[in-house]
Each structure stands twice: as structure tokens, then as C-alpha cells.
Amino acid sequence: YVNEIHSYPLNVEIRHTQTFDAGKPPTDASGGSITLEMRQSLVALPKDPMRPRYADPRAGFFTVERVNYGLDVQKAATETFITRWRLEPSDPAAYARGELVEPVQPIVYYIDPATPTRWRPYVKQGVEDWQKAFEKAGFRNAIVAREPPSRDEDPDWDAEDIRHSVVRWAASTTRNAVGPSTVDPRTGEIIESDITWYHNHMRSYRNRLMVETGAANPAARSLDIPEQLMGETMRQVITHEVGHALGLPHNMIASSSFPVDSLRSATFTRRYGVSATIMDYARQNYVAQPGDGLQPVDFIRHLGPFDDFIIEWGYRRYPDAATPEAERPRLNRMLVEQSGPMAYRYLPQYLSGIDPRSQTEDIGDDPVAASTYAIANLKRVLPELPSWTATVGEDFSDLSELHGEAVSMWSRYMGHVVSLIGGVYVDPKSTEQSGVVYRAVPGSEQKRALSFLAANAFSTPEWLVPTAITSRIGPVSTASAQAGIVTQLLDPRRLDRVALSARMDPTTGYELAEFLSDLRRAVWSGAAPDDNRRLIQRVYLDRLESLVVPPPPAAAGAGGGGGGAPARTPPSPLVAPINVQRSDLPALARSELRAIHVLARGNATSAPAGVQRAHWHDIVARVDRILEPRG
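Note that the numbering used here has the sequence shown beginning at 332, numbered continuously upward.
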């Protein structure tokens, strides 16, 4: 049944309730049904379509696509346009002379009346921080934030009216913020957007500030982060989400433009923050060490040179270009002939973790060095968590939560290093640009990464579970987090890329057989493994078994597209499905199992009676079962 319908000049909003038969409803199983409230929006597209701008895979924008059968080419050609707002100069002649002018219609965001008063200035700043970037494109005051009119001023004003974009404050326990938009599929014109900040997202940043920066940032050593620091953090999140609503996707490679040691410089971080773009998932500066002299604001991200570049690339108008096609040579030159403080780079998110420069939550140009600094800070933070989370009259729930986040961050730092192994650098180019597109991470760097993991991930990090914490929150093990690192290293897609790196560069590559041998020695060293190492070794066997008897290969093109773009098979061989059974992986896995079998039999003979001897006998039996299954 229809709950309600609201009609506005350019849109109709419908809410209705639907009840379905359900074999396994999430609640009230005896009812055998599930009821959902659904919503549809019907939007009138502009009568005069905006002039589109062609997309370029080297430039980070969300896109729309259409197959144009009217093009004079010998195929059914797809046109891809970026998504952007319609900004037109109020004084075209002055704009053509290179002067800054205001747009005919600026991008306007209204601040949700539900936003707490103390946070409204930071929300407004988060929106209007983009004004400086738009000046690079020739527009002054291109984007503004306003309070909504009162009932007396405009009794018909409604946030559901698509003529009004709103930064909404959601009373929700969700820990997130989002920046979606409504787009004209014909041209890519952004018609409207609603940014949503979920109230509980402050909890995410309170925790991350403490865990990642507390060692060097005294302002982050409390469950009640000072208003200025929390407000500045919130401001940058709003700026990030507005960036999405301006057409910009995540750009995870941007943080690798900064040398790791520069992130310890107060002068550098004051100017650039932690990444070259606000659109990176580089949130806090976990590299800076005590004594580096950074102020609280220096630990968080903000707009960077990449944002200036990409806004100019997407939004600058070219009055002398008669058609979208005529703009393309100039846009190409912007990408090829850059002159900024650092070269703009963009990679789509499906390559995140394949190119180790493009990773979520990482900062700096060297994952090993950055993670080394991060661990040094975590070792300073862990002993302080009981005092930093203590509240009179409360239990240790906050301590448990913050400790869990610390372990998760440790795992993430290890994962950043894992990405070097089997990593491939990808630098998209047009055909007139020199140099290669794909380069394997040198074998020496892959070996350096494995040595780091052997020292930090395979050996039990006792410091992560200090008695001062576990005696208050209960026993905690890092074994599953450590085993997750082994699982990543033995993922067949990563192993395939290790083999690929040796084929791409036979001189400096890392042979797959050599990597597996090195990994085996790192995981299976020592005749008396502790509890965690024994679990890791069992997971190791599980992963080898999955290579010997792999699941059926995934269908080609499986997986979804990125936000804002239609789902399609990514145009890269690095993400193609792998037929493990037809590869060298089963043969190499059997070879490794045989080597482990010899090792385990020897250790079973010499190990003392008890769990150690039982473990090695169990390993022998498990390998026998994998290599010679019965029935």
C-alpha cells in the first residue's frame, strides 16, 4: 500500500509498504514474511541538456555511458562522460579573459536543521572549502552552504524537493558518511545531491584519532576529543563527501605522492596534510612520531594539489571549443604536460591493493617504512589505553572497543606490506606518452616485504595483548589476525601476480617457486611453535589444499562496478579470473606440501611429548590426507 506521495515542481517522491513471503525472515520466523518500506523518486530531466565532457581513464571522475550508433566509426562505440554540475559564468567575456567570475547558479547545500548547533560551522566550512579549488577553474563562490529558510520565510521549502541539495544529519548508530548524487544519464549533469553524516561517525574518528595518533598527539588521548579537533575532523569528512557529490571517486594512489619521512615534518603536513587529495582514504597521520612537533590539525587530511587539478580539468569551460570533441586535445595536454607541485595520478578503485601505491587507509610512498613507524606508535599507545579510556563508574567496554580497533589497525598495517608481494605498478597512459603502463614490483622489494612480515606478523606480537588490558577485558588472541595475513599471501590471484612479475621482469622479478620456499621457511621455522604459530601453520595447510583441490573458476566479469559508474568488466588483465586447476599452482602446492611433510616427520620424532609432538603428528596426517585423499 502507498504510505505517502509528495509532488514538487521537478520531482515526485513516493513511499510505500510491501510485504513478501519469506522462507527465512530475519525476525519473527513463525510469520513467514518480511515487510519493507520502499521509496521511489521520479525526476524530470533538464529540458535543455548540459554540454557533456568526455571522460579520460587518467582523470578521476564518476562517469555515465551511452552507446552512440550515430558515430562514424567501424564499431558500436561507447561514449563516456564525466558527472559534474552545470556551472556557467555570469560574465562570459570576463571569464574568457581569464578573470574569476561567479557562476550563474552556484552549487548550494543547505544545512539540515537537525545538525547540532556546535557542529554547524564545521559542516559549512566542509562544503565551502571547495571554493578555492573551483577558483582554479575560473569560478568565484562556486559552492556555498546556507541555513534553510524558516517557515515564515518560505513555507513551501522542503528538503525532499530536488531543487535543494542538503547536508543531512542522521540520528543513527551507523558509523559512516555518504555523498550520493542524482545524475542526468544523457550528459552526466549532476542535478542534486544529499550528503548524509550519521551521528555515530564521530565515534569512528574518536577511536581512530586515539589509536593512530595518540602517541604523538596529546589532544587524542581521551574519549572526549576536544571540540576543535573533532570539528576539524568532521569538516574534512564533509569535504570528502562533497567531493563525491562533485563527481569525484576515491583516489587511493594519491597518498603515495608523499615521502614517508615528509609526514613527520610539521611544515610539510601543515601545507599538504596526509595525502595529495581529500578523496584518498588517508585519514590520520599514523607515521608522525613523538617529538616531531606536529599540532593536532596536522594529523588529519585536507584538500590537496590533486583536488585543484581535477576540479580545473573537469569544470573549466573553453569558450573557443565549439563541441565536446574540440575540448579533448586541451584536456589531454593538461594530463600530459603537468606543471604542479606533484604529478596528478589516478587509479580506479578496483586496482586498489594490486598496485601497492593505491591502498585504502595507507599513507606515504613506502609501506614497509610507514608500517614500521605505525607499529612503533601502536606500541606506545597500547599501554596507555586503560588510562585513556577510563571513566569513573563505567566498566571496560570502551577499553575493549579501542583495543579491538588497535588490533584491526595492526592487521591493516600488515596488509599494506602484503600488497608489495605480487604487486604491479599501473600508470595509465595515452598512446603518445612514453614509458610502460604495467611494471612489476621489483623482487628485492617483495623480499623486503616478506622479511618484514616474518618479523612482525608470523611471530606472535605479545605487545598487542598486554596483561594490563587482557586482565580487564578477558583473554584476547591475535592468531586469527595473523592467520589472515597468511591467507592473503596464499591467495591464488596474488600467487599468479608473483609469477607474472617474474615473467614481466626475468632479471629482477621474484620467481613463484622461490617465494613459496621463502614463505614456507618464514612460517615453519622453529621446532616448537607457540599456540599462534600452530594455528597459522594449520591455516597454511588449508590454503595449500585449496590450491591442490581448487573450487570451480569464477565466471568472467564477476563482480560489480564502482560507485557512480555502470557495472562492467574492469579493463585490466590483473583482475581477470584465474583457472587454478590449469595453472602451475597445484603442482607447486604439492611440492610445498611434500617439503612440509618431511619437516613435520622430523620434528615429530624430536619434539617433546605433549602438544608439540601431537601438533607435528597432526601436520603429517593432514598432509597425507591432502596428497592422498581416500574415498
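Glycine included, each C-beta is placed from N, C-alpha and C at the ideal position.
Next item on the list: Within 10 angstroms of the Cβ of L402, are there 16 or more other Cβ atoms? Answer buried if so, exposed if not.
Entry: The sequence position of residue 402 within the sequence shown is 71, counting from 1. Counting Cβ neighbours within 10 Å, L402 comes out exposed, since fewer than 16 surround it.
Notebook entry, point to check: What whole-angstrom Cβ distance do G519 and I413 have, given they're in contact under 8 Å?
Noted result: In the sequence shown, the residue the question calls residue 519 occupies position 188. In the sequence shown, the residue the question calls residue 413 occupies position 82. Right, the Cβ-Cβ distance comes to about 6 Å (below 8 Å), so this counts as a contact.
Checklist line | Through-space distance from Y603 to S963, alpha-carbon basis | finding: Summary: the structure shown does not reach residue 963, with the chain confined to residues 332 through 962, and so no result is reported for it.
Check: Does P773 get closer than 7 Å to chain D when you measure Cβ to Cβ?
Finding: Considering every chain present, this structure includes no chain D. It has just one protein chain.
Notebook entry, point to check: Name the DSSP beta bridge partners of L373, please?
Noted result: If you number the sequence shown from 1, residue 373 lands on position 42. DSSP, once it has assigned bridges, lists V343 as partnering L373.
Note to self: My output table needs one value for Q690: the three-state DSSP class, helix, strand or coil.
What the structure shows: As a first step, residue 690 is located in the sequence shown; it is residue number 359 there, counting from the start. Correct three-state label for Q690: coil.
Margin query: Per the DSSP calculation, D367 is bridged to which residue(s)?
Written below: Your numbering for residue 367 matches position 36 in the sequence shown. Here the sequence assigns Leu to residue 367, which means Asp is not the residue at that position. Its beta-bridge partners are Q349.
Item checked: Contacting residues, own chain, Cβ-Cβ under 7 Å from L958 (five flanking each side not counted) -> Residue 958 sits at position 627 when you count from the first residue of the sequence shown. Closer than 7 Å at the Cβ level, and outside the excluded window around L958, lie R921, L924.
Check: Near Y756, which residues of its chain fall below 6 Å by C-beta distance, leaving aside the five closest residues on each side in sequence?
Finding: Counting from 1 along the sequence shown, the entry for residue 756 is found at position 425. Closer than 6 Å at the Cβ level, and outside the excluded window around Y756, lie D686, R770.
Check: Does DSSP put I800 in a helix, in a strand, or in coil?
Finding: Locating residue 800 in the sequence shown gives position 469, counting from the first residue. It is helical.
Note to self: Using C-beta distances below 7 Å, list every residue in its chain close to V829, excluding the 5 sequence neighbours before and after it, in chain order.
What the structure shows: Stepping through the sequence shown from its first residue, residue 829 is reached at position 498. Once the five neighbours on either side are set aside, the close Cβ partners of V829 are I752, G753, Y841, L843, F846.
Next item on the list: Spatial neighbours of T691 within its chain, please: CB distance less than 7 Å, with the 5 preceding and 5 following residues excluded, ordered by chain position.
Entry: Position 360 of the sequence shown, counted from the first residue, corresponds to residue 691. Around T691: M583, Y612, S683.
Notebook entry, point to check: Taking just the CA atoms, how far does P434 sit from A464?
Noted result: Residue numbering aside, residue 464 sits at position 133 when the sequence shown is read from its first letter. Residue numbering aside, residue 434 sits at position 103 when the sequence shown is read from its first letter. Approximately 14 Å, taken between the alpha carbons.
Checklist line | Identified DSSP bridge partners for R499 | finding: Position 168 of the sequence shown, counted from the start, is the residue given in the question as residue 499. According to DSSP, which records beta bridges pairwise, R499 is partnered with T527.
Checklist line | Cross-strand partners of I584 (DSSP beta bridge) | finding: Position 253 of the sequence shown holds residue 584. DSSP output for I584 lists no bridge partner at all.
Checklist line | Extent of the continuous alpha helix (DSSP H) to which R477 belongs | finding: Translated into positions along the sequence shown, residue 477 becomes position 146. Taken as a continuous stretch (DSSP letters only), R477 belongs to no alpha helix (DSSP H), being part of the beta strand (DSSP E) at 474-477.
Notebook entry, point to check: Are the beta-carbon atoms belonging to V1021 and A780 less than 7 Å from one another?
Noted result: Coverage of the chain is limited to positions 332 through 962, which leaves residue 1021 absent and any answer about it impossible.
Notebook entry, point to check: When you compare only the Cα positions, how much space is there between P660 and T703?
Noted result: For the purposes of this step, residue 660 is taken as the residue at position 329 of the sequence shown. For the purposes of this step, residue 703 is taken as the residue at position 372 of the sequence shown. Between P660 and T703, the C-alpha separation is close to 44 Å.
Note to self: Alpha carbons only, please: which of I641, A674, R614, F637 is nearest the one belonging to V628?
What the structure shows: To locate residue 628, count along the sequence shown from 1; it is residue 297. Ranking I641, A674, R614, F637 by Cα distance to V628 puts R614 first.
Note to self: Distance check for F637 and I526, CA to CA, integer angstroms please.
What the structure shows: Within the sequence shown, the letter at position 195 stands for residue 526. Within the sequence shown, the letter at position 306 stands for residue 637. Going by the C-alpha atoms only, they are around 22 Å apart.
Notebook entry, point to check: Going straight from the alpha carbon of P960 to that of P773, what length do you get?
Noted result: For this step, residue 960 is matched to residue 629 along the sequence shown. For this step, residue 773 is matched to residue 442 along the sequence shown. When rounded, the distance between both Cα atoms is 39 Å.
Next item on the list: Answer with buried or exposed for N399, where buried requires no fewer than 16 other C-beta atoms within 10 angstroms of its C-beta.
Entry: Here the question's residue 399 lines up with position 68 in the sequence shown. Exposed, since its Cβ has fewer than 16 Cβ neighbours within 10 Å.
Margin query: Just to confirm my understanding: we take N616, look at its own chain, exclude 5 residues before and 5 after, and list those with CB closer than 6 Å. What are they?
Written below: Residue 616 sits at position 285 when you count from the first residue of the sequence shown. Excluding residues within five positions, the ones whose Cβ falls inside 6 Å are L594, V605, F630.
Check: Using a threshold of 6 Å, is the CB atom of A705 nearer than that to any non-hydrogen atom of the ligand ADP?
Finding: The ligand ADP is not part of this structure, which contains no ligands at all.
Check: Whose CA, out of R397, S421, M381, K355, lies closest to the CA of P655?
Finding: The residue labelled residue 655 in the question sits at position 324 within the sequence shown. Checking every option, the nearest Cα to that of P655 belongs to M381.
Margin query: If you reduce the DSSP assignment to three classes, tell me which class D620 lands in.
Written below: Counting from 1 along the sequence shown, the entry for residue 620 is found at position 289. Inspection of the sequence shows that residue 620 is occupied by Gln rather than by Asp. Coil, per DSSP.
Notebook entry, point to check: Buried or exposed: which applies to S728, given that a residue is buried once 16 or more other Cβ atoms fall within 10 Å of its Cβ?
Noted result: Within the sequence shown, the letter at position 397 stands for residue 728. So S728 ends up on the exposed side.
Next item on the list: Name, in chain order, the residues that DSSP records as bridge partners for P434.
Entry: As a working note, residue 434 is residue 103 in the sequence shown. Answer by DSSP bridge pairing, in chain order: P420.
Check: Would the beta-carbon of A810 fall within 7 Å of that of L875?
Finding: Residue mapping note: residue 810 aligns to position 479 of the sequence shown, counting from 1. Residue mapping note: residue 875 aligns to position 544 of the sequence shown, counting from 1. Their beta carbons are not under 7 Å apart, which means A810 does not touch L875 by this criterion.
Check: On the premise that D460 lies in contact with L634, defined as a C-beta separation below 8 Å, what is that separation, rounded to the nearest angstrom?
Finding: For this step, residue 634 is matched to residue 303 along the sequence shown. For this step, residue 460 is matched to residue 129 along the sequence shown. Going by Cβ atoms, the distance from L634 to D460 rounds to 6 Å, so yes, they are a contact pair.
Note to self: Please state whether the Cβ-Cβ distance between V712 and A546 is less than 7 Å.
What the structure shows: Numbered from its first residue, the sequence shown carries residue 712 at position 381. Numbered from its first residue, the sequence shown carries residue 546 at position 215. Yes. Within cutoff.
Next item on the list: Would you give the residue range spanned by the beta strand (DSSP E) that E335 belongs to?
Entry: In the sequence shown, residue 335 corresponds to position 4, counting from 1. Element bounds for E335: 333-338.
Next item on the list: Report the three-state DSSP secondary structure of F470 (helix, strand or coil).
Entry: Here residue 470 is taken as the residue at index 139 of the sequence shown, counted from 1. In the structure shown, F470 sits in a strand (DSSP, three-state: E or B).
Checklist line | Cβ contact (3+ pairs, closer than 8 Å) linking the region 385-394 and the region 662-674 | finding: yes
Next item on the list: Count the CB pairs spanning the region 528-540 and the region 551-565 that are closer than 8 Å, and state whether there are at least three.
Entry: yes
Next item on the list: Measure from the alpha carbon of P806 to the alpha carbon of each residue in A814, L795, A353, Q813, then state which is nearest.
Entry: Translated into the one-based positions of the sequence shown, residue 806 becomes position 475. Out of A814, L795, A353, Q813, L795 has the C-alpha closest to the C-alpha of P806.
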